[in-house]
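Residue numbering for the sequence shown follows our numbering, starting at 18 and increasing by one per position. C-beta: ideal position from N, C-alpha, C; glycine also. Quick caveat: nothing in here was measured; it's all calculated off a predicted structure.
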Amino acid sequence: MVGIDIGTSAIKVVELSRWGKGNTLENYGQIQSSLIYKQQSSNYEKSSSLLSKEFVSRAIRGILEESHIKTKEVIFSIPDFFTFCTSFEIPPMPEKEIPGAVRYNASQYITLPISEVTLDWKIIARHPGDKKSALKIFLVAIPNQVIKEYQEIASMSGLDLYALEAEAFGITRALVKSNNKKTICIMDVGVQSSTVNIIDGGFLQRSYSFNFYSNKLSKSISTALGIEYDKAEEIKIKEGILSSRPGVAETLYLLINPLLMEIKTISAEFFQSEQKQVEEIYLTGGAANLPGLKEYFAESLKKNTSLPNCFSDFLYPPILEETLKDMSPSFAAAVGVALGGLEI
Ligand SMILES: Nc1ncnc2c1ncn2[C@@H]1O[C@H](COP(=O)(O)OP(=O)(O)OP(=O)(O)O)[C@@H](O)[C@H]1O
Ligand SMILES: [Mg+2]
Numbered sequence: 018m019v020g021i022d023i024g025t026s027a028i029k030v031v032e033l034s035r036w037g038k039g040n041t042l043e044n045y046g047q048i049q050s051s052l053i054y055k056q057q058s059s060n061y062e063k064s065s066s067l068l069s070k071e072f073v074s075r076a077i078r079g080i081l082e083e084s085h086i087k088t089k090e091v092i093f094s095i096p097d098f099f100t101f102c103t104s105f106e107i108p109p110m111p112e113k114e115i116p117g118a119v120r121y122n123a124s125q126y127i128t129l130p131i132s133e134v135t136l137d138w139k140i141i142a143r144h145p146g147d148k149k150s151a152l153k154i155f156l157v158a159i160p161n162q163v164i165k166e167y168q169e170i171a172s173m174s175g176l177d178l179y180a181l182e183a184e185a186f187g188i189t190r191a192l193v194k195s196n197n198k199k200t201i202c203i204m205d206v207g208v209q210s211s212t213v214n215i216i217d218g219g220f221l222q223r224s225y226s227f228n229f230y231s232n233k234l235s236k237s238i239s240t241a242l243g244i245e246y247d248k249a250e251e252i253k254i255k256e257g258i259l260s261s262r263p264g265v266a267e268t269l270y271l272l273i274n275p276l277l278m279e280i281k282t283i284s285a286e287f288f289q290s291e292q293k294q295v296e297e298i299y300l301t302g303g304a305a306n307l308p309g310l311k312e313y314f315a316e317s318l319k320k321n322t323s324l325p326n327c328f329s330d331f332l333y334p335p336i337l338e339e340t341l342k343d344m345s346p347s348f349a350a351a352v353g354v355a356l357g358g359l360e361i
């Protein structure tokens, strides 16, 4: 199975296979968006389409060729800014009435007309055998237009679209082992937006996105030190909040503190409605690698904080060990959706 994540900063592709109970990382590849869009013609209008299908599919074909990926079946991870997630309860009812009730409820939460979205939902909690208790539903709505664009990208890339999945599900599958029933908060720090996900009992229970641009970090360093953006990006990646240059750590703390607030608010809401405390924090997304971030989160939130490695259970050449550990935060969504395809 091939998993593809068309992210803001890069397109990430993985090819996975399953043999018995083990998974093998067959191939992977990525291309930075800055390389794809550099040569775009001046009359190209971004607003005419959600994604630049020609550029993206050409880039995907390039990655597949370079990485020697022969598999045609693909699952795309759909970024959080294209999806709408919510959770709600419905009263107990016969099984066959549930889809109708979910649809009816969804129409109250989603701003787009219900005919223009595709719904994907899961029952995340119910008491077995208890026919009187409410059903908790986790719902994802994807605009049909987005689905259409991904279908076109798949065909223009010469791939067979096997499925589409919201990235929050992919990230959860990639990072939380199926036997882990703890209450976990996964913070995905993205380039265009960030997401706080709460996983409990192995299921994704909440997923909230908010504006946080990880590129803001480099921009602020660039302004604070009066240096070029590229140099600031380098300092961010190499030194992060551990930097001893005057002003860097202070600038970064100012931007990062709102992320901590988001986690606190969402954990508090979850505790209030479910009486469950978040036990652990997982960080993912490329910016999770920011030097010093993990320690700062652990200290501020007083919780065990880690960057789980989505490749850790895979078979792969040992020489890749360190590379894969570094790549894990930005590849989690692609890996997770591909894993989902192998499970079916
Ligand atoms: N060591 C590091 N420290 C800080 N930031 C880093 C580090 N390595 C990569 N990044 C940042 O991670 C970002 C890329 O992350 P990622 O691959 O998760 O983005 P994306 O998936 O393309 O974005 P989005 O999910 O918002 O569409 C870039 O902004 C890059 O500067
Ligand atoms: Mg991403």
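Review point. Less than 8 Å separating the beta-carbons of residue 249 and residue 258?
Key: Working through the sequence shown from its first residue, we reach residue 249 at position 232. Working through the sequence shown from its first residue, we reach residue 258 at position 241. Remark: C-beta atoms of residue 249 and residue 258 do not approach each other more closely than 8 Å.
Exercise for review: List the DSSP bridge partners of residue 101.
Suggested key: On the sequence shown, position 84 is the one that residue 101 refers to. Residue 101 pairs with 158.
Check your understanding: By Cβ distance below 8 Å, which residues in the same chain neighbour residue 277 in space, the five residues on each side in sequence not counted?
Key -> The sequence position of residue 277 within the sequence shown is 260, counting from 1. Cβ within range, chain order: 314, 317 and 318.
Check your understanding: Straight-line CA distance for residue 225 to residue 120?
Key -> Along the sequence shown, one-based indexing puts residue 225 at 208. Along the sequence shown, one-based indexing puts residue 120 at 103. Rounded to whole angstroms, residue 225 and residue 120 show a C-alpha spacing of 21 Å.
**Study point:** Straight-line gap, residue 75 to residue 174 (C-alpha atoms, nearest Å)
**Key:** Locating residue 75 in the sequence shown gives position 58, where the first residue counts as 1. Locating residue 174 in the sequence shown gives position 157, where the first residue counts as 1. The straight-line gap separating the alpha-carbon atoms of residue 75 and residue 174 is approximately 7 Å.
Practice item. Return helix, strand or coil for residue 59, following the three-state DSSP convention. Key: Locating residue 59 in the sequence shown gives position 42, counting from the first residue. With a pLDDT of only 44 at residue 59, under the threshold of 50, the placement of this residue in the model should not be trusted, and no figure is reported.
**Study point:** Distance between beta carbons of residue 355 and residue 33, contact taken as under 8 Å
**Key:** Sequence index remark: in the sequence shown, residue 33 carries index 16 (1-based). Sequence index remark: in the sequence shown, residue 355 carries index 338 (1-based). The beta-carbon distance between residue 33 and residue 355, rounded to whole angstroms, is 5 Å. This is short enough to meet the 8 Å contact definition.
Point to revise | Cβ pair residue 421, residue 167 closer than 8 Å | key: Residue 421 lies beyond the stretch modelled for the chain, which goes from 18 to 361, so this question has no answer here.
**Study point:** Pairwise C-alpha distance: residue 22 and residue 28
**Key:** Position 11 of the sequence shown, counting from 1, holds the residue named residue 28. Position 5 of the sequence shown, counting from 1, holds the residue named residue 22. Taking C-alpha positions only, residue 28 is separated from residue 22 by approximately 6 Å.
Practice item. Measure from the alpha carbon of residue 359 to the alpha carbon of each residue in 291, 70, 24 and 88, then state which is nearest. Key: The residue given as residue 359 occupies position 342 in the sequence shown. In terms of Cα proximity to residue 359, the closest of 291, 70, 24 and 88 is 88.
Review point. Going by DSSP, which residues form a beta bridge with residue 202?
Key: Within the sequence shown, the letter at position 185 stands for residue 202. DSSP lists 215 and 298 as the bridge partner or partners of residue 202.
Exercise for review: Evaluate contact between the stretch 34 to 53 and the stretch 116 to 135, counting only Cβ atoms and requiring at least three cross-stretch pairs below 8 Å.
Suggested key: They do not touch, by the three-pair rule.
Check your understanding: Once you ignore the five residues that flank residue 221 on each side, which residues in its own chain have a CB closer than 7 Å to its CB?
Key -> As a first step, residue 221 is located in the sequence shown; it is residue number 204 there, counting from the start. Answer for residue 221: 155, 185, 186, 189 and 214, listed in chain order.
Practice item. Let me have the residue list for ligand 2: C-beta closer than 5 Å to any non-hydrogen atom, ordered along the chain. Key: Listed along the chain, these residues meet the criterion: 24 and 207.
Review point. Would the beta-carbon of residue 247 be found less than 7 Å away from any heavy atom of ligand 1?
Key: Position 230 of the sequence shown, counted from the first residue, corresponds to residue 247. In this structure, residue 247 has its CB at a distance of at least 7 Å from all heavy atoms of ligand 1.
Check your understanding: Rounded to a whole number of angstroms, what is the C-alpha to C-alpha distance between residue 253 and residue 305?
Key -> In the sequence shown, counting from the first residue as 1, residue 253 sits at position 236. In the sequence shown, counting from the first residue as 1, residue 305 sits at position 288. The alpha-carbon atoms of residue 253 and residue 305 are separated by roughly 12 Å.
Point to revise | Distance between residue 266 and residue 361 (C-alpha atoms, nearest Å) | key: For the purposes of this step, residue 361 is taken as residue 344 along the sequence shown, with counting starting at 1. For the purposes of this step, residue 266 is taken as residue 249 along the sequence shown, with counting starting at 1. CA-to-CA, the gap between residue 361 and residue 266 works out to about 46 Å.
Exercise for review: Answer yes if the stretch 191 to 211 comes into contact with the stretch 101 to 114, meaning at least three C-beta pairs across the two stretches below 8 Å, and no otherwise.
Suggested key: Too few Cβ pairs lie closer than 8 Å, so no.
Practice item. Going by CA-CA distance only, name the one from 280, 323, 136 and 324 that's closest to residue 212. Key: Here residue 212 refers to the residue found at position 195 of the sequence shown. The option with the nearest alpha carbon to residue 212 is 280.
Review point. Do residue 18 and residue 179 have their C-beta atoms within less than 8 Å of each other?
Key: As a position in the sequence shown, residue 18 is number 1, starting the count at 1. As a position in the sequence shown, residue 179 is number 162, starting the count at 1. Contact flag set, yes.
Review point. For ligand 1, any of its heavy atoms closer than 7 Å to the Cβ of residue 27?
Key: In the sequence shown, residue 27 corresponds to position 10, counting from 1. Flag set: Cβ of residue 27 near ligand 1.
Point to revise | Among 230, 310, 348 and 159, nearest to residue 328 - alpha-carbon criterion | key: Position 311 of the sequence shown, counted from the first residue, corresponds to residue 328. Taking the Cα of residue 328 as reference, the smallest distance to any Cα among 230, 310, 348 and 159 is reached at 348.
Check your understanding: In the structure shown, what three-state DSSP assignment does residue 229 receive?
Key -> Walking along the sequence shown from the start, residue 229 turns up at place 212. If DSSP states are grouped into helix, strand and coil, residue 229 belongs with coil.
Exercise for review: Using 7 Å as the cut-off, classify the Cβ of residue 304 as near or not near the heavy atoms of ligand 1, replying yes or no.
Suggested key: In the sequence shown, counting from the first residue as 1, residue 304 sits at position 287. Under cutoff, so the answer is yes.
Review point. Just how far apart, CA to CA, sit residue 223 and residue 130?
Key: Along the sequence shown, read from residue 1 onward, the residue named residue 223 stands at position 206. Along the sequence shown, read from residue 1 onward, the residue named residue 130 stands at position 113. Looking at the two C-alpha atoms, the distance is approximately 23 Å.
Practice item. Return yes when the C-beta of residue 341 is under 7 Å from any heavy atom of ligand 1, and no when it is not. Key: What you label residue 341 is simply residue 324 of the sequence shown in a count that begins at 1. Result no, Cβ not under 7 Å from ligand 1.
Check your understanding: Measuring from the CB of residue 224, is there a heavy atom of ligand 1 at a distance below 7 Å?
Key -> The count along the sequence shown starts at 1 and reaches residue 224 at position 207. Because no heavy atom of ligand 1 lies under 7 Å away, the Cβ of residue 224 does not count as near it: no.
Point to revise | Beta bridge counterpart(s) of residue 322 as assigned by DSSP | key: For this step, residue 322 is matched to residue 305 along the sequence shown. Residue 322 pairs with 298.
Exercise for review: Give every residue of the same chain whose Cβ lies closer than 6 Å to the Cβ of residue 99, excluding the five residues on either side of it in the sequence, and list them in chain order.
Suggested key: Here residue 99 refers to the residue found at position 82 when the sequence shown is read from its first residue. If we look at residue 99 and ignore the five residues flanking it on each side, its Cβ neighbours are 163.
Exercise for review: Going by DSSP, name the residue or residues bridged to residue 19.
Suggested key: Residue mapping note: residue 19 aligns to position 2 of the sequence shown, counting from 1. Looking at the DSSP assignment, residue 19 forms a beta bridge with 32 and 91.
Check your understanding: For the alpha helix (DSSP H) that contains residue 251, what are its first and last residues?
Key -> Taking the sequence shown and counting its residues from 1, one reaches residue 251 at position 234. Element bounds for residue 251: 246 to 255.
**Study point:** Coil, strand or helix - residue 355 by DSSP
**Key:** Here residue 355 refers to the residue found at position 338 of the sequence shown. If DSSP states are grouped into helix, strand and coil, residue 355 belongs with the helices.
Practice item. Tell me whether the beta-carbon of residue 137 lies closer than 8 Å to the beta-carbon of residue 171. Key: Here the question's residue 137 lines up with position 120 in the sequence shown. Here the question's residue 171 lines up with position 154 in the sequence shown. By the CB criterion at 8 Å, residue 137 and residue 171 fall outside the cutoff.
Review point. By Cβ distance below 6 Å, which residues in the same chain neighbour residue 261 in space, the five residues on each side in sequence not counted?
Key: Within the sequence shown, numbered from 1, the residue matching residue 261 stands at position 244. For residue 261, where only same-chain residues beyond five positions count, there are no Cβ hits under 6 Å.
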